[in-house]
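For reference, the structure is listed below as structure tokens.
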Ligand code: SAH
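Numbering (my numbering), first residue to last: 8 to 206.
Right, here's the structure in full:
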């Protein structure tokens with residue numbers, strides 16, 4: 008019985024991811040965006056292919072028994088922890104997306120009217136959206152209890168997010184200089200910075 012609930016949760020979240028990506032495309036058309044550099048275009052095509060492959064695996068997991076060989080025996084409580092992690096990922100993503108507003112983009116770019124956002128969730132974490140993707144990756148692994156579903160998402164997400172952070176911060180430093188340097192010192196990259204003293 009719980010297995011079907013976990014499948015519903017995964018199916019529903021995948022639907023939401025598709026809808027929000029359609030919405031982000033429409034948003035990009037509305038706000039306009041700079042032309043993609045060759046590097047960004049390659050990165051985007053690669054990420055799209057990975058996501059598409061993962062979607063096919065999820066479809067097989069949802070509607071057939073073909074991926075049962077990749078199942079891992081996780082206790083039910085751990086799979087519910089996965090549901091909580093997925094929820095945390097969604098909250099983190101929505102909060103970051105709304106706070107970043109027009110400055111959000113799928114690929115790395117500085118817009119002509121770009122402002123440095125340092126409020127809301129960005130007052131504590133510099134890359135909450137990447138935190139959200141990693142939480143979603145971990146959540147999908149635990150909820151599906153399937154190595155193929157989990158790792159074909161989590162591994163690329165980790166590689167993409169961790170390599171992007173360095174490039175993104177170099178880009179932000181070049182644009183915002185000292186303000187970004189100061190912002191970097193008082194915030195954490197993926198988790199809030201733990202302060203041991205008040206000074
Ligand atoms: N790394 C951030 C944002 C991801 S969207 C996160 O994980 O939440 C990627 C775009 O966000 C980049 O092209 C960059 O221009 C922009 N960006 C990243 N941090 C920003 C900030 N603090 N203020 C404004 N724009 C930011």
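Ideal Cβ placement from N, Cα and C applies to all residues, glycine included.
Just so we're clear, the structure is a prediction, and the values are computed from it rather than from any experiment.
Quick one: give me the first and last residue of the alpha helix (DSSP H) that residue 198 is part of.
As a position in the chain shown, residue 198 is number 191, starting the count at 1. From DSSP, residue 198 is part of no alpha helix (DSSP H); its letter is neither H nor E.
Name the residue from 10, 169, 106, 52 whose alpha carbon lies nearest to the alpha carbon of residue 72.
By 1-based counting over the chain shown, the position of residue 72 is 65. When each option's Cα is compared against that of residue 72, the closest is 10.
Rounded C-alpha distance that separates residue 78 from residue 13:
Counted from its first residue, the chain shown places residue 78 at position 71. Counted from its first residue, the chain shown places residue 13 at position 6. Approximately 13 Å between the Cα atoms of the pair.
Go ahead and label residue 28 buried or exposed: buried means 16 or more other beta carbons lie within 10 angstroms of its beta carbon, across all protein chains shown.
Numbered from 1 along the chain shown, position 21 holds the residue referred to as residue 28. Burial call: exposed.
Can you list, in chain order, the residues of its chain whose CB lies under 7 Å from that of residue 168, leaving out five sequence neighbours each side?
For the purposes of this step, residue 168 is identified with residue 161 of the chain shown, where counting begins at 1. Once the five neighbours on either side are set aside, the close Cβ partners of residue 168 are 137, 140, 141.
Return the residue from the list 48, 60, 66 that minimises the CA-CA distance to residue 15.
Sequence index remark: in the chain shown, residue 15 carries index 8 (1-based). The residue with the shortest Cα to Cα distance from residue 15 is 66.
Let me check understanding here. Comparing Cα to Cα, which of 134, 195, 174 lies closest to residue 116?
In the chain shown, the residue the question calls residue 116 occupies position 109. Comparing Cα-Cα distances from residue 116 to each of 134, 195, 174, the minimum goes to 174.
How would you write the range of the alpha helix (DSSP H) that residue 140 sits in, first residue to last?
In the chain shown, residue 140 corresponds to position 133, counting from 1. Looking at the DSSP string, the run of the alpha helix (DSSP H) that includes residue 140 is 135-151.
Would you grab the beta carbon distance between residue 64 and residue 74 for me? Rounded to a whole angstrom, and I think it's under 8 Å.
Here the question's residue 64 lines up with position 57 in the chain shown. Here the question's residue 74 lines up with position 67 in the chain shown. With a Cβ gap of about 7 Å, residue 64 and residue 74 count as contacting.
Between residue 84 and the ligand SAH, is there a pair consisting of the residue's CB and a ligand heavy atom that are separated by less than 7 Å?
For this step, residue 84 is matched to residue 77 along the chain shown. Flag unset: Cβ of residue 84 not near the ligand SAH.
If we count Cβ pairs, one from each stretch, closer than 8 Å, do we get three or more for the stretch 175-186 versus the stretch 90-98?
no
Can you have a look at residue 99 and say buried or exposed, based on whether 16 or more other CB atoms are within 10 angstroms of its CB?
By 1-based counting over the chain shown, the position of residue 99 is 92. Burial call: buried.
Any non-hydrogen atom of the ligand SAH closer than 7 Å to residue 174 Cβ
Here the question's residue 174 lines up with position 167 in the chain shown. It does not: the Cβ of residue 174 is nowhere closer than 7 Å to a heavy atom of the ligand SAH.
Using 7 Å as the cut-off, classify the Cβ of residue 189 as near or not near the heavy atoms of the ligand SAH, replying yes or no.
Position 182 of the chain shown, counting from 1, holds the residue named residue 189. Residue 189 Cβ: outside cutoff for every heavy atom of the ligand SAH.
Restricting to Cα atoms, I'd like to know which of 104, 163, 203, 106 is closest to residue 59.
Position 52 of the chain shown, counted from the start, is the residue given in the question as residue 59. Comparing Cα positions, the closest option is 163.
Distance, Cα to Cα, residue 4 vs residue 61?
Coverage of the chain is limited to positions 8 through 206, which leaves residue 4 absent and any answer about it impossible.
Going by the beta-carbon positions, is the gap between residue 121 and residue 196 smaller than 8 Å?
For the purposes of this step, residue 121 is taken as residue 114 along the chain shown, with counting starting at 1. For the purposes of this step, residue 196 is taken as residue 189 along the chain shown, with counting starting at 1. For residue 121 and residue 196, no; Cβs fall outside 8 Å.
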